[in-house]
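First comes the structure, then the notes that go with it.
2 protein chains.
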Amino acid sequence: MECVPNISEGRNRKRVDAVEQSIASVPGILLLHRTSDVDHNRSVLTFAGPSLSAVEAAVRAVAKAAELIDLNHHHGVHPRLGALDVLPFVPLGELTIDHCVKLARRAGERIWTELGIPVYFYGAAATRPDREKLEDVRRGQFEGLRTAALTDEGRRPDMGGPALHPTAGAVIVGARKVLIAYNINLRSDDLQLAKHIAKTVRASSGGLPGVKALGLPLQSRGLVQVSMNITDYELTPVHTVYSAVERLAAAHGLEVEESELIGLMPRQALEMAAAAFLKMRDFKSQQVIENRIEQQERLANE
Amino acid sequence: MECVPNISEGRNRKRVDAVEQSIASVPGILLLHRTSDVDHNRSVLTFAGPSLSAVEAAVRAVAKAAELIDLNHHHGVHPRLGALDVLPFVPLGELTIDHCVKLARRAGERIWTELGIPVYFYGAAATRPDREKLEDVRRGQFEGLRTAALTDEGRRPDMGGPALHPTAGAVIVGARKVLIAYNINLRSDDLQLAKHIAKTVRASSGGLPGVKALGLPLQSRGLVQVSMNITDYELTPVHTVYSAVERLAAAHGLEVEESELIGLMPRQALEMAAAAFLKMRDFKSQQVIENRIEQQERLANE
């Protein structure tokens, strides 16, 4: 089980450390990754562990973030609704998304009953179709939803409320597949072209399923970037995204300078890419020595 | 630690099973792979385990093969010197080749003193430069070396002898890096072209370091194959081999139909291929979620 809390603090390192320590205080939990962004004033922590330990660590993180962060004094370019803003549970290995939905619900219940912070459910854990998308749940963010949750029946929290917590807002708890944050940098300074390619590949304008994309300038390096989130790498693998952007760039006479993985990606996505580019016939993950050893060890332990 | 015994039996399945069982009888040993070839009359077993368990399993495999196989009645197209013919120790993970040399020597000593079968050392475990190459050690094979070991000082076993074992011959024990058996099939029936490409990429004719290559026909499928062994994938990665063959084929107007991995390959080789084809900037193996979890688990256990 993987869990990726997003907290509304990206400047005060000690506060992020404190939230991280509250997570690490749960036995069996492994901290995997952490990034903070000063402009966004936001940090993303990634941890893994057995299901119930992950729920416990998530609840402790919400409590610690609520203790340290007051949204009335929080400013950043990224929208946010809660001190601990978003809390997705992500299946790893053979876990199912349904299992993650159950854990998200359990975590949401505890956050309201034990901490008194209202909860919205999103993603696969959403209770209604218009709450599946995070951006729909968060519309108006902390300042706007404080009022809307009271006045608009359709914007009430799923657990608790209707009033948001006066300083910690609400937590948006969900279940989703692993998300791969992946950027491709083009040897060009033509921002319009990067935006055009982003529009062509993004799902919302009829491109690749599950892909979100933006065209951005990388001014210090004289490059442009197609910045993407791949929300379902089994449906649209990383190598499919790479090849599509490479082909579109080539059609305009441009080359790919490099690509960047932001944070983590699942092993399967990398194996799929290698097997695809090498045109491997009947490649099986168990042909990787270490995978075979792990499989045999699991069998031996059962 | 990985160990890859080659035994001179590829037709009688029960005998191969018996050797496999002698290996599996050692606690901590994991059987990873097995292939048998009827024409070669030869089987290749792959197993992994802690160092001393691997030596114990190797010695048991030699004993069982010697009990069941009489080289005086063995026929196949592949050259062989012993009932258990070749016994390489291969480093996995953070193990060094020097560590494997020590284990090869230890196994060789036990094979002679406990089983009375002479031993030649090859690869990184060779005691003299003219024994580094397996094909040099095995020249003349069982029938020829029976005499040469007695009459030619330069052909004597490293441990025991000088006479070979009357039915089990001698075991060629060594240490080498992981070997990747990798074939690329071309959409063509032009065998001469496959042979030409094989010659261009193989190390012995000035091609890619550590690569052995042959051009072969795949008659049933109407394709030709460049069949390769990559003996040092860190020096010449799989993706470098693929791109070289693809480029040479394209220069003759041919396309790669597919590639095939025979047996196993190390995870690092696959990660290197994905990162190279995706042009990933600063990719680190620890960006793979499962690798990160394993690393954190190791740290937690220390």
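Chains as they are written, first to last, in this note's numbering: chain D, 106 to 407; chain U, 106 to 407.
Glycine included, each C-beta is placed from N, C-alpha and C at the ideal position.
Given the structure is predicted, the values throughout are model-derived calculations rather than measurements.
Determine, using beta carbons only, whether residue i comes closer than 8 Å to chain D.
i        : result
U/Val393 : yes
U/Gln401 : yes
U/Arg96  : This structure leaves residue 96 of chain U out entirely; chain U is present only between 106 and 407.
U/Leu298 : no
U/Leu135 : yes
U/Phe388 : yes
U/Ala405 : yes
What's the call for residue i, buried or exposed, on a 16-neighbour Cβ count within 10 Å?
i        : result
U/Gln126 : exposed
U/His179 : buried
D/Gln330 : buried
U/His415 : Outside the shown range of chain U, which is 106 to 407, sits residue 415 of chain U, and nothing can be said about it.
U/Lys169 : buried
U/Glu94  : Nothing in the structure corresponds to residue 94 of chain U, since chain U is present only between 106 and 407.
U/Pro55  : Residue 55 of chain U lies beyond the stretch modelled for chain U, which goes from 106 to 407, so this question has no answer here.
D/Gly198 : exposed
D/Val109 : buried
D/Gly154 : buried
U/Val182 : exposed
D/Ala356 : exposed
D/Gln392 : buried
U/Val143 : exposed
D/Asn288 : buried
D/Asp263 : buried
U/Asn111 : buried
Suppose you measure from the CA of residue i to the CA of residue j; what does that come to, to the nearest Å?
i        : j        : result
U/Met370 : D/Asp175 : 52 Å
D/Tyr416 : D/Tyr347 : Coverage of chain D is limited to positions 106 through 407, which leaves residue 416 of chain D absent and any answer about it impossible.
U/His145 : D/Ala162 : 58 Å
D/Val283 : D/Val191 : 15 Å
D/Glu107 : U/Glu399 : 14 Å
D/Phe382 : U/Leu255 : 53 Å
D/Asp257 : D/Met377 : 46 Å
D/Val124 : D/Gly133 : 17 Å
D/Ala280 : D/Leu291 : 33 Å
D/Ser293 : D/Lys304 : 17 Å
D/Leu296 : D/Gly320 : 7 Å
D/Glu114 : D/Pro342 : 32 Å
D/Asp122 : U/Asn396 : 23 Å
U/Gly259 : U/Arg165 : 29 Å
U/Glu360 : U/Ala354 : 6 Å
U/Arg251 : U/Val224 : 13 Å
D/Thr272 : D/Gly187 : 8 Å
D/Val195 : D/Leu404 : 25 Å
D/Cys205 : D/Ile394 : 30 Å
D/Leu340 : U/Arg116 : 44 Å
U/Thr218 : U/Pro267 : 14 Å
D/Ser310 : U/Ala374 : 37 Å
U/Lys300 : U/Thr201 : 35 Å
U/Arg139 : U/Lys119 : 13 Å
D/Glu237 : D/Arg243 : 11 Å
D/Ala408 : U/Arg326 : Any property of residue 408 of chain D remains undetermined from this structure, which presents chain D solely from 106 to 407.
U/Gly368 : U/Ala286 : 7 Å
Is residue i close to chain U? Criterion is C-beta to C-beta, closer than 8 Å.
i        : result
D/Lys384 : yes
D/Leu208 : no
D/Leu375 : yes
D/Ala308 : no
D/Leu197 : yes
D/Ala231 : no
D/Ala379 : yes
Any heavy atom of the ligand GTP within a distance shorter than 7 Å of the CB on residue i?
i        : result
U/Gly154 : Ligands are entirely absent from the displayed structure, and the ligand GTP is therefore not among its contents.
Unbroken beta strand (DSSP E) runs of length 3 or more, entirely within the segment 285-317 of chain U: which are they?
-> 285-291
Using Cβ-Cβ distances below 8 Å, what residues of the segment 342-372 of chain D are close to chain U?
-> Val343, His344, Tyr347, Val361, Glu362, Glu363, Ser364, Glu365, Leu366, Gly368, Leu369, Met370, Pro371, Arg372
Length-filtered (4 minimum) alpha helix (DSSP H) runs lying within the segment 145-228 of chain U | 156-173, 202-220
In the segment 153-180 of chain D, which residues sit with their C-beta less than 8 Å from some C-beta in chain U, listed in chain order?
-> Ala153
Residues within the segment 107-128 of chain D neighbouring chain U, beta-carbon criterion of under 9 Å = Glu107
Which ranges would you report for the beta strand (DSSP E) in the segment 329-382 of chain D if only whole runs of at least 3 residues count?
-> 361-367
Determine which residues of the segment 278-295 of chain D have a Cβ less than 8 Å from any Cβ of chain U, and write them out in chain order.
-> Val283, Asn290
In chain order, each alpha helix (DSSP H) run of at least 4 residues that lies wholly inside the segment 240-264 of chain D | 246-256
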